[in-house]
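Chains U and B, in that order, give the protein sequences.
Heads up: the first sequence begins at 1 in our numbering, then just goes up one per residue.
Heads up: the second sequence begins at 1 in our numbering, then just goes up one per residue.
For reference, the structure discussed in these notes is given below.
Number of protein chains: 2
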Amino acid sequence: MILVLAGGVGAAKFLEGLVQVVPPDQIVAVVNTGDDFVLHGLMITPDLDIVTCTLADLIDREQGWGLAGDTTACLEWLGKLGGPTWFTLGDRDLALHIRRSALLREGWTLSQVADSFRQALGVAVRIVPMSDDPAPTHIVTDAGEIHFEHYFVQRRAQDRVHGVRLHAAGPAQPAPGLLDLIAQAERILIAPSNPVVSIGPILALPGVEAALHASAAPIVAVSPIVGGAAIKGPAAPLMRAMGYEVSALGIATIYAELADTLVIDQQDHDLAAPIRALGLQVVVTDTIMRGPVEKARLAACTLKDTGNRN
Amino acid sequence: MILVLAGGVGAAKFLEGLVQVVPPDQIVAVVNTGDDFVLHGLMITPDLDIVTCTLADLIDREQGWGLAGDTTACLEWLGKLGGPTWFTLGDRDLALHIRRSALLREGWTLSQVADSFRQALGVAVRIVPMSDDPAPTHIVTDAGEIHFEHYFVQRRAQDRVHGVRLHAAGPAQPAPGLLDLIAQAERILIAPSNPVVSIGPILALPGVEAALHASAAPIVAVSPIVGGAAIKGPAAPLMRAMGYEVSALGIATIYAELADTLVIDQQDHDLAAPIRALGLQVVVTDTIMRGPVEKARLAACTLKDTGNRN
C-alpha cells in the first residue's frame, strides 16, 4: 500500500498520475483538512473535494477546483438573500456540502463521509481526511488572525503574513487508523502540495511525525516549488513568513529530517547538490503536470528505489 | 390593517388578488408553519416560501410551488450522494433553505428570517410565520404517525388517515406580536386554505382563537372546497378523517364559531341556506382564481361589509 500525504490541486493531479502506475485500490490519500470551514452553515472541505472529484474525473480542469460544467444558480440567490458570495459554490458542488453537513449532524464522522462520497463517485483510491476533528489553519496577518480561506480566497492572499497557526480550534487527533496506515505503508509519498498549510497540518497531528520516522518505508516528497515559485496557490508568501527560502532548497529544508528523497524539477537541477548536502536523495525530472503522460511519469519517479535512510 | 390567515398555494393566490385591491403594506399574512420540516439538514418552510415567492412573482405558476425556471442540478447530485430526492428542491429554491438554516443557526428567529426574505425579494406584504417554535403537523395513518410532508409528498397522500396531530413537537407559542396583530386588525380574512392542516395549526396556537373571538373586526373566510372537492391538496381526506363533510358546508361547520362570513363558490349556492342556518353570513361568488381578474374580484368580495356578529 502506498500512502500519499495530500493537499488540494497539486496532490490531486499527482494522484491522477499515480493511479496510472499503481492499482488505485493500493493507494491511500491522507488529505489535509486545515482548509475546511463553515460557510452558509455548511461544512466545506476544499482539499477532500478537490482530491475526490479530480480522481472521479469530475473536476473543472481549468480551475482545478469545482465541478466541470457546474452552474451557480443557488449562489446567485444566496447573494440576493444577503449571503456571502466570495467563495464560489456551484450547484452540484453544493450537494457535496449539503449532504456532508447533514451526515455530520446525523453523527457521521468526516472519515465516514469522505469514504461514502468517494465510493458514490466511483473513486477506487481510499481517501482519508487527516483528522475527524476540526483543525482549521489560521493565517496571522496585518488584518488579524483569519482562516486560511478568508486569507486566500476572500482577501486574495494580499495581506502581509506574519505567521500560521495550525489546528487553531484546539487539539486535533489523527483520523482513526491513520497512524496504523503510516506504519503499514510500503511507500510514503508527500505530494507537491503547500508544505506550510497543506502538508504542515497533517504532520502537526500528534503521533504522525513519530510514525513517519518509525516507518521503514521510503518517504519520497515532490517539490511544489519550481524555479523559485509555486505552481499554484500561496506557498511563496507562507513559506517566506515561516522563514523558508521559496525554492526547492527551501522545501528540502522543511522535509530534510522526514523524507528520504526529494523529487525536484529539472529547472532546479543546480539545487541538487545543496539538497543532497542536507542528507536527501534527489531525483531531477520534469515535475510540471501538463497532462496524463507527465502526471504518470512524475508518479513513476516517486516509485523508483532511491534508497532509504532507515 | 388587514390580517390574512394563510396556508400555501390557495392563500398565495388569494393574496395576489388582495394586493390589487388593498395597499400591500396594509396587509399582514400570518402563515402556517406546520408543514415545515428538516431535510438534508436544512429547514424547509413550504408555506412561507410559497406565499413569499408568489407575492414576489417568482413562483412556478404551473406547479404553484417552486421557483419559475429553476433547475435541479444540486438535487440530482444529492441523489448521487445517497440523499433523499422525494422532495423536489430547485437550485434557487435551495438558496432559501440554505440561507434560512444558516441564519436560524446564527440565532435569528423564523420571524426575522421571513421578514428579511420578503424584503430581499421585494414583497411589501408583511409575512409573519404563525410561530417561531417548531410546530410540525403529523398525520396519523395506517403507516404510522408521519410528518405532513411525508404523508402528502413522499407517500402521495395514499395512506388511510386516522387523525391529525398539530404542534407534534410540543407546545408552540404564537410568533412575537401575533396576538397584538389580531387585536389591531381592521379585518381578518381566512384564506381558501386547508382548514385542517393550514389554518388549523394557526388556530391551535395558545391565545389565537381567544384573540380572534375578542376582535371587533369582521372575520371573513373563503371556502377552499368547491363542488365537494378541494381545488388543490389533500383537504378532502383530512377533513373526512376529522369527521367533517367535504363541502362548503363542512367548511362552515369548522368556522361557524369563529367567522362572521363565509365566501363560497357559485357551484355551492344551494349550500348558502344551511350555512346561514349555522349563523354565518354567506357571499356566493366565483371563487376559482384562474387569473389576476378573478383573484382581485374574490379578494374584493372578502372586503364587502356583510355585518359583524360581535
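Ideal placement from N, C-alpha and C gives every residue a C-beta, glycine not left out.
Since we're looking at a predicted model, the values are computed, not measured.
Quiz item: Does DSSP put B:Val125 in a helix, a strand or coil?
Solution: coil
Quiz prompt | Candidates B:Thr302, B:Met289, B:Ile59: closest to B:Ile219 by CA position | solution = B:Thr302
Quiz item: Can you name, in chain order, every residue of its own chain whose Cβ lies under 7 Å from the Cβ of U:Asp133, other than the five neighbours on each side?
Solution: Ala172, Gln173
Self-check item: Three-state secondary structure assigned by DSSP to U:Phe152
Solution: helix
Practice problem: For the segment 79-142 of chain U, list the alpha helix (DSSP H) runs that are entirely contained and at least 4 residues long, ordered along the chain. | Solution: 91-105, 110-120
Self-check item: Counted within 10 angstroms of its Cβ, other Cβ atoms place U:Asp36 as buried (16 or more) or exposed
Solution: buried
Quiz item: Would you call the segment 185-199 of chain B and the segment 5-21 of chain B in contact, with 3 or more CB pairs under 8 Å?
Solution: yes
Quiz item: Within 8 Å (strictly less), CB to CB, does U:Ala11 reach chain B?
Solution: no
Quiz item: Which residues bound the beta strand (DSSP E) around U:Gln281?
Solution: 281-285
Quiz item: Where do the ends of the alpha helix (DSSP H) carrying U:Ala183 lie?
Solution: 178-184
Exercise. Can you tell me the Cβ-Cβ gap for B:Ser198 and B:Asp47, rounded? I've got them flagged as a contact below 8 Å.
Key: 7 Å
Quiz item: If we cut at 8 Å on Cβ distances, does U:Thr71 have a partner in chain B?
Solution: yes
Quiz item: Just reading off the alpha helix (DSSP H) that U:Gly250 is part of, what are its end residues?
Solution: 248-255
Exercise. Check whether the Cβ of B:Ile98 lies closer than 8 Å to any Cβ atom in chain U.
Key: yes
Self-check item: For B:Val38, the three-state DSSP class (helix, strand or coil)
Solution: strand
Quiz item: Between U:Glu106 and the rest of its own chain, which residues show a CB-CB distance below 6 Å, the 5 nearest in sequence each way excluded?
Solution: none
Self-check item: Interface flag, B:Trp77 vs chain U, CB-CB below 8 Å
Solution: yes
Quiz prompt | Cβ-based neighbour list, U:Val164, same chain, cut-off 8 Å, excluding 5 preceding and 5 following | solution = Thr137, His138, Ile139, Val140, Val196, Val197, Gly200, Leu238, Ala241, Met242
Quiz item: In angstroms, rounded to a whole number, what distance separates the CA positions of U:Phe87 and U:Val153?
Solution: 7 Å
Quiz item: Under the DSSP definition of a beta bridge, which residues are partnered with U:His147?
Solution: U:His138
Practice problem: In the DSSP assignment, find the beta strand (DSSP E) that holds U:Ile219 and state where it starts and stops. | Solution: 219-222
Quiz item: In terms of residues, what are the limits of the beta strand (DSSP E) holding B:Ile2?
Solution: 2-6
Exercise. Could you pull out every residue in the same chain whose Cβ sits closer than 7 Å to the Cβ of U:Gln267, ignoring the five residues on either side in sequence?
Key: Val226, Gly227
Quiz item: If U:Tyr70 and B:Asp91 are in contact, beta carbons under 8 Å, what's the gap, nearest whole angstrom?
Solution: Checking the sequence shown, residue 70 of chain U turns out to be Asp, not Tyr. Actually they are not in contact, since the Cβ atoms of U:Asp70 and B:Asp91 sit about 10 Å apart, beyond 8 Å.
Quiz item: Roughly how many angstroms separate the alpha carbons of U:Val293 and U:Val208, rounded to a whole number?
Solution: 32 Å
Quiz item: In the DSSP assignment, what are the bridge partners of B:Arg261?
Solution: First, the residue type needs correcting, since residue 261 of chain B is Thr and not Arg in the sequence shown. BP columns for B:Thr261 point to B:Val220, B:Gln281.
Quiz item: Between the segment 36-62 of chain B and chain U, which residues of the former have a C-beta closer than 8 Å to a C-beta of the latter?
Solution: His40, Gly41, Leu42
Self-check item: Where B:Arg105 meets chain U, residues with beta-carbon distance less than 7 Å
Solution: Gly41
Self-check item: the segment 100-132 of chain B: positions lying closer than 9 Å to chain U by Cβ
Solution: Arg100, Ser101, Ala102, Leu103, Leu104, Arg105, Glu106, Ser116, Phe117, Ala120, Leu121
Quiz item: Cβ of U:Val282 within 8 Å of Cβ of U:Leu258?
Solution: no
Quiz prompt | Within chain B, partners of U:Gly83 - CB distance below 8 Å | solution = Ala95, Ile98, Arg99, Ala102
Quiz item: If you compare alpha carbons, which of U:Ala175, U:Leu78, U:Ala277 is closest to U:Leu249?
Solution: U:Ala277
Quiz item: In chain order, what residues of the same chain have a beta carbon less than 8 Å from the beta carbon of B:Ser223, not counting five sequence neighbours either side?
Solution: Pro192, Ala248, Ile251, Ala252, Leu262, Val263, Ile264, Asp265, Asp268, Thr287
Quiz item: If you measure from the beta carbon of U:Arg92 to each beta carbon in chain B, is any gap under 8 Å?
Solution: yes
Quiz item: Using a C-beta to C-beta distance shorter than 8 Å, which residues of chain B count as neighbours of U:Cys74?
Solution: Cys74, Asp91, Arg92, Leu94, Ala95, Ile98
Exercise. Note down, in chain order, every chain U residue with its Cβ under 7 Å from the Cβ of B:Lys80.
Key: Ala120
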